[in-house]
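Heads up: the sequence lines are chains A and B, in that order.
For the first sequence, counting from 1, position 8 maps to 8 in the working numbering; every step adds exactly one.
Offset between the second sequence (1-based) and the working numbering: plus 1000.
Step one of this worksheet: look at the structure below.
2 protein chains.
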Amino acid sequence: MYFPQFIPYSFIEKEASHVEGFSPELALVTVGGGKELEEKLVVRPTSETIVNHMFTQWIHSHRDLPLMINQWANVTRWEMRTKPFIRTLEFLWQEGHTAHATPEEAEKEAMQMIDVYTKFAYEEAAIPVIPGRKSRVETFAGANRTYTIEAMMGDRKALQAGTSHNLGQNFSRAFSTQFTDENGQRQHVWQTSWAISTRFVGGIIMTHGDDAGLMLPPRLASVQVVIVPIWKKANEKNEVLDAALSIKDILHSAGIKVKLDDSDQRTPGWKFNFWEMKGVPLRIEIGPRDVSSRSVVVSRRDIPGKPGKVFGISMEPSVLVPYVKEKLDEIQLSLLNKAISFRDSNIVDVTSYDELKEAISQGKWARGPWVGSDEDELKIKEETGATIRCFPFEQPQGPKMCLMTGSPAEEVAIFAKSY
Amino acid sequence: MYFPQFIPYSFIEKEASHVEGFSPELALVTVGGGKELEEKLVVRPTSETIVNHMFTQWIHSHRDLPLMINQWANVTRWEMRTKPFIRTLEFLWQEGHTAHATPEEAEKEAMQMIDVYTKFAYEEAAIPVIPGRKSRVETFAGANRTYTIEAMMGDRKALQAGTSHNLGQNFSRAFSTQFTDENGQRQHVWQTSWAISTRFVGGIIMTHGDDAGLMLPPRLASVQVVIVPIWKKANEKNEVLDAALSIKDILHSAGIKVKLDDSDQRTPGWKFNFWEMKGVPLRIEIGPRDVSSRSVVVSRRDIPGKPGKVFGISMEPSVLVPYVKEKLDEIQLSLLNKAISFRDSNIVDVTSYDELKEAISQGKWARGPWVGSDEDELKIKEETGATIRCFPFEQPQGPKMCLMTGSPAEEVAIFAKSY
């Protein structure tokens, strides 16, 4: 579906915590068609309000539920300090909005979507995110509960990479989004919303990239293999290009995303650097000697320089295609495992505020039992710059004591500095 | 690519005719993050200005040309009288922007894109558009020449369904988008832009739809075939649903977009009406008697009622699949041919202003020789409500005299009322 991006200001005001959370970040249209508008319009920072406005017209009976919609759109949140992909005034996302007859269904939906995002992060982007629940302080403005996936970037800052909200009846009560249940009673619907954005692109860059540029996980790379033909003398050119083209066709037919860089204007060395910077997982070089020996040289982007190079791989499709597919799978797995090691070696279990401060000052994430108050949490933020990223779903067993208050705690929280 | 949708007002002002054309239609953001902005921001009505702002940084040498980009985005043009899909304050489109080293290349690109749109309209949407050149009065604000595809709707109004602009050097001079040519000289680039929007959805609805609802061309229909199972007694239900499901699988495996409407809550008659309204090209009914005879009933959306129904089509995949594919092709062609007949029977060749007025007053399109002035054109608009839709690329041979001035004319123009 697609909803209008201009939302009447009065819509935003209907849900009290929503307007409180978003009003400092709004862009307002006040002039349209040369005239001052009677009611200013908010450029959509998120769409719960306008979606509910329509849901009231679409939902009548329990037979209309669940109602689940998805929108791909741009959203605007006024930012003073922007950072490419991570924090931009305008960004692109998908936002899902659902309405259910029961709170159990809504909770199940919110959990299912954070699980979808978790799987996407692990399996496609090779980003080992930690899924969990946000603290009250960090919960979405208008939600009862916010679930999040938190990713550790190369600089060890945390990135909130996707969220799913159980909105309870907050918006349905504000907008009177009601249905008639099976007993003929009018009820407010139970809702969720969830989103993942272009910020995730930044997450991929900052999880896998290195000083040479991007390093894309093969499953997401738009070019998985680049072929660089090499020739010195003019009479070598044709046979090298012919061989390169036939390799391209072989890989393409096998469903591999392949690019042949046959431009005359750049040297092979320039092309190597260029495609490394672009993060292409595998490079195939082919020169006159390779043509004679019916073989190629294959280089892995994730193992820089000589160690990542393998000479003399046969051009025969029955050898080359399985070899390339296997290498792409290896790279995908290797990126994930490297990111998991990096993540796990940078999370410190802490039992006291001093240990927490020590971990944070070393640039690490701190994980420790927590039943502190909102004020305690804000104090940590002020004193260390770290916030509770989430209460992870995966919790250690056994008795725990709050690192701040010493009271018995049921859960550990993860603290980190974040983007 | 994706460009920011907020454009500094000063960008819009740089190209004189662009700001003149667009300023009455702008939405302006004047407040961001709670503060009055120093420079107001225009919500993108089109992106030539911000694209050129970036092109100046991306284009240096003739080796950087041609530079061709495409963006899928929302755009905003303030409209007093909106009409769903056709004229909305916000709409979605694709916009292409190109920069070239020579005027010939730019002209070729602009022509190529209007040709792409023409083919899409004919071959996918079954809309027999008339491609041609806009008059000076109707040319895009900032273009040297605008090419258009004009479609005749069911009410015989014209719809401008896509445009391609040769921008010359208007924007490159305004923004100093320059390159160093092969002789080391600095030159301004030659540019084009082109777009097709959600308005086209309205074009499909209003070209093919009837009083029963949508009628979608099979190539664009998201559901090409709907299967409606029919049973009366409970003991019939299972065998009918089993057969319906197996037909669904057969069609789906053959690459046909098929939907089985097996809901219990609605009657077959209700489902017939519902899927007709949704414009599904083919309906397959299957009841207990059909199951026994291993056959189905197939109905065409484009031939309403009994005449469009064929009984006793065998369920055997080797019969059913080719039959359904053939019918879908027939419907696609039939919709196009029907629209062509309708269009051609509603275009009148005129040789005088009186004949033009007569044709327009009958709700038809008038086609006649034209070398009138801009003022003549505006007079026609005022007196008849019709505008020049285009000078069609396909022109009649032989000498012509302007319907208005009587002077020798090289081209005929098409006049019509439009959306």
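Note that the Cβ used here is the ideal one computed from N, Cα and C, for glycine as well.
In this text, all values refer to a predicted model and were calculated from it rather than measured experimentally.
Restricted to the stretch 1076–1130 of chain B, the alpha helix (DSSP H) segments that are unbroken, complete and at least 4 residues in length are 1103–1123, listed in chain order.
Residues of the stretch 1024–1041 of chain B with a C-beta atom less than 7 Å from some C-beta of chain A are Pro1024, Glu1025, Ala1027, Leu1028, Val1029, Thr1030, Val1031, Gly1032, Gly1033, Gly1034, listed in chain order. Counted as a single uninterrupted DSSP element, the alpha helix (DSSP H) harbouring Phe11 of chain A occupies residues 9–13. Taking each of A:Glu150, A:His62, A:Ile50 in turn and checking the Cα distance to Ala416 of chain A, the smallest one comes out for A:Glu150.
For Asp1155 of chain B, no pairing in a beta bridge is given by DSSP.
When B:Leu1214, B:Glu1025, B:Asp1262 are compared, the shortest CA-CA separation from Gly33 of chain A is found for B:Glu1025. Nearest in C-alpha terms to Glu1316 of chain B, of all of B:Gln1362, B:Ser1246, B:Arg1133, B:Gly1255, is B:Ser1246.
By the CB criterion at 7 Å, Ile284 of chain A and Ile227 of chain A fall inside the cutoff. DSSP, read as helix, strand or coil, puts Glu1038 of chain B in strand.
Cys402 of chain A is bridged by DSSP to nothing; it lacks a bridge partner.
Residue environment for Pro217 of chain A: buried (at least 16 other C-beta atoms within 10 angstroms of its C-beta).
Against chain A, the CB of Glu1020 of chain B has no partner CB under 7 Å away; the residue lies outside that interface. Residues of the stretch 261–277 of chain A whose Cβ lies closer than 9 Å to any Cβ of chain B, in chain order: Gln265. Only those residues of the stretch 56–67 of chain A whose C-beta falls short of 9 Å from the nearest C-beta of chain B are listed: Arg63. Listed along the chain, the chain B residues whose CB falls inside 8 Å of the CB of Pro4 of chain A are Leu1089, Glu1090. Taking Val1412 of chain B as reference, the option from B:Asp1349, B:Arg1219, B:Asp1249, B:Gly1279 with the minimal CA-CA separation is B:Asp1349.
Of B:Lys1379, B:Trp1370, B:Gly1385, B:Thr1351, the smallest CA-CA separation from Gln1362 of chain B is found for B:Gly1385.
The straight-line gap separating the alpha-carbon atoms of Gly1213 of chain B and Val1225 of chain B is approximately 16 Å. Ranked by Cα distance from Val258 of chain A, the options A:Pro304, A:Leu336, A:Leu328, A:Lys237 are led by A:Leu328. Nearest to Thr49 of chain A by C-alpha distance, out of A:Lys40, A:Phe11, A:Ile59, is A:Phe11. At least 7 Å separates the beta-carbon of Val1298 of chain B from that of Val1240 of chain B.
A contact is defined here as three or more CB-CB pairs under 8 Å, and the stretch 365–384 of chain A meets this definition with respect to the stretch 399–407 of chain A. Beta-bridge pairing by DSSP links Thr1163 of chain B to B:Thr1148, B:Ala1195. Between Arg301 of chain A and Met206 of chain A, the gap from beta carbon to beta carbon reaches 7 Å or more. Its chain contains Val1129, Pro1131, Ile1149 as the residues whose beta carbon lies nearer than 7 Å to that of Thr1118 of chain B, once the 5 sequence neighbours on both sides are disregarded; these appear in chain order. The shortest CA-to-CA distance from Arg1156 of chain B to any of B:Asn1273, B:Ile1347, B:His1097, B:Glu1358 is the one to B:Ile1347. In its chain, beyond the 5 residues on either side, Pro1128, Met1152 have a beta carbon closer than 7 Å to the beta carbon of Arg1343 of chain B. Distance from the CA atom of Asp262 of chain A to the CA atom of Ala1141 of chain B, rounded to whole angstroms, is 40 Å.
The C-alpha of Pro322 of chain A lies about 37 Å from the C-alpha of Trp1072 of chain B. The contact set of Trp1231 of chain B on chain A, defined by CB atoms closer than 8 Å, is empty, because the minimum CB distance reaches about 21 Å. Taken in chain order, the whole beta strand (DSSP E) runs of length 3 or more contained in the stretch 1224–1259 of chain B are 1225–1229. Contact between the stretch 388–395 of chain A and the stretch 1016–1024 of chain B is absent: fewer than three C-beta pairs spanning the two stretches fall below 8 Å. For Val228 of chain A, none of the residues of chain B pass the 9 Å Cβ criterion, the least Cβ distance being about 19 Å.
Contact check for Ala1106 of chain B against Thr1192 of chain B passes: the beta carbons are separated by less than 7 Å.
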